[in-house]
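So the number in our numbering is just where the residue sits in the sequence shown, counting from 1, plus 26.
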Amino acid sequence: MIKLNNIHKIYNAGKPNELEALKGVSLEIKDGELVAIIGKSGAGKSTLLHTLACIDGFDEGEYYIDEQKIQYLSEKEYAKIRNEKIGIVMQDFALIDDFTVLENVMLPLDFASKKKANPKQSATEALQSVAMETMLHSYASKLSGGQKQRVAIARAIVNEPGILLADEPTGALDSKTASEIMDVFKALNAKGKTVIIVTHDPGIAGQCRRIIEIADGVIVSDQTNE
Ligand SMILES: Nc1ncnc2c1ncn2[C@@H]1O[C@H](COP(=O)(O)OP(=O)(O)O)[C@@H](O)[C@H]1O
Ligand SMILES: [Mg+2]
Numbered sequence: 027m028i029k030l031n032n033i034h035k036i037y038n039a040g041k042p043n044e045l046e047a048l049k050g051v052s053l054e055i056k057d058g059e060l061v062a063i064i065g066k067s068g069a070g071k072s073t074l075l076h077t078l079a080c081i082d083g084f085d086e087g088e089y090y091i092d093e094q095k096i097q098y099l100s101e102k103e104y105a106k107i108r109n110e111k112i113g114i115v116m117q118d119f120a121l122i123d124d125f126t127v128l129e130n131v132m133l134p135l136d137f138a139s140k141k142k143a144n145p146k147q148s149a150t151e152a153l154q155s156v157a158m159e160t161m162l163h164s165y166a167s168k169l170s171g172g173q174k175q176r177v178a179i180a181r182a183i184v185n186e187p188g189i190l191l192a193d194e195p196t197g198a199l200d201s202k203t204a205s206e207i208m209d210v211f212k213a214l215n216a217k218g219k220t221v222i223i224v225t226h227d228p229g230i231a232g233q234c235r236r237i238i239e240i241a242d243g244v245i246v247s248d249q250t251n252e
């Protein structure tokens, strides 16, 4: 379970360009939920996702994953939480172009504190779950956008995190491919992962059971569709 309690995030604190991007966000997300975070550009969606992902710290409030209190203590500590508990997928895939599909997905295994007995097999299994196991040795640079995003999802789940976060994961894809990628997220959610997707696409958000809207750094609506 994820729990945010009155989270504030300030960029450039104390400087003339100081900006409060999150103004007291409180939120509970249970294990196994499929959640969309929507809102206008600049609303604070990415800031919220980066906070959840432990990419960025926050300035006030409390954050818990399961029973663990998440605090920025050191970059090493933060990296450990990211590695073990959270997978993240970005709009631009962020693959290493001159690595193969398999090499890209094996990369996070190098940083894991819990080592896999057979890293190659773990990576291959992650790629199976996104239907990319037939392209293990293709270079990332040669893939289509949809294939790249599948590989990025495999990389995000290879350490078996409970939580999968995605920031506009279909933003760079055509609508047919976007819908296929959404099917991948739904399948992973059906297998038990908590999936949180930032999107401005109503078609994507509409496929999520819960839709949270953020505006100007606060949650303005939180709806669950039965
Ligand atoms: N690294 C940063 N430094 C300073 N301001 C930032 C930074 N990232 C985002 N912001 C500002 O914080 C606000 C929220 O941004 P963001 O979370 O990226 O919104 P969204 O993802 O909803 O478009 C915006 O006003 C943006 O300009
Ligand atoms: Mg954003």
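Glycine is no exception: its CB is placed at the ideal position from the N, C-alpha and C atoms.
Here the structure is a predicted model, which is why all the values come from computation and not from measurement.
- With respect to the 8 Å criterion, Ile122 and Asn109 are not classified as neighbours on the basis of their beta carbons.
- Look at which beta carbons fall closer than 6 Å to any heavy atom of ligand 1; those residues are Tyr37, Asn38, Leu45, Ala47, Gly65, Ser67, Gly68, Ala69, Gly70, Lys71, Ser72, Thr73.
- At least one heavy atom of ligand 2 is found less than 7 Å from the C-beta of Asp193.
- Between Pro187 and Lys111, the gap from beta carbon to beta carbon is short of 8 Å.
- Ser100 has its alpha-carbon roughly 31 Å from the corresponding atom of Asn215.
- CA-CA distance, Val210 to Val156, rounds to 6 Å.
- Annotated as proximal: Thr250 and Arg235, with beta-carbon spacing under 8 Å.
- In the three-state reduction of the DSSP assignment, Glu44 falls in the coil class, being assigned neither a helical nor a strand state.
- Between the segment 142-155 and the segment 168-175 there are fewer than three C-beta pairs closer than 8 Å, too few to call the two in contact.
- With contact defined as three or more Cβ pairs closer than 8 Å, the segment 89-99 and the segment 193-200 are not in contact.
- Counting only the Cα atoms, Asn185 lies some 9 Å from Ala149.
- Here Pro134 is buried, its C-beta having at least 16 other C-beta atoms within 10 Å.
- Spatial neighbours of Ala47 in its own chain (CB-CB distance under 8 Å, excluding positions within 5 residues in sequence) are listed in chain order as Lys35, Ile36, Tyr37, Gly70, Thr73, Gly243.
- Taking the C-beta atoms as reference points, Thr77 is found no nearer than 8 Å to Ile28.
- Taking C-beta atoms as the reference points, Gly172 and Glu206 count as a pair closer than 8 Å.
- In the structure shown, Val184 falls within a coil segment according to DSSP collapsed to helix, strand and coil.
- Assignment of beta strand (DSSP E) within the segment 101-160, counting only whole runs of 3 or more residues, yields 112-116 in chain order.
- By the Cβ neighbour-count rule, Gly68 is exposed, with fewer than 16 other Cβ atoms within 10 Å of its own.
- Note on Gln233: 16 or more other CB atoms within 10 angstroms of its CB, so buried under the neighbour-count rule.
- Ranked by how close their Cα comes to the Cα of Ala178, the residues Asp85, Phe125, Phe84, Gly83 have Phe125 in first place.
- Shown here, Asp193 sits in a strand according to DSSP, grouped into three states.
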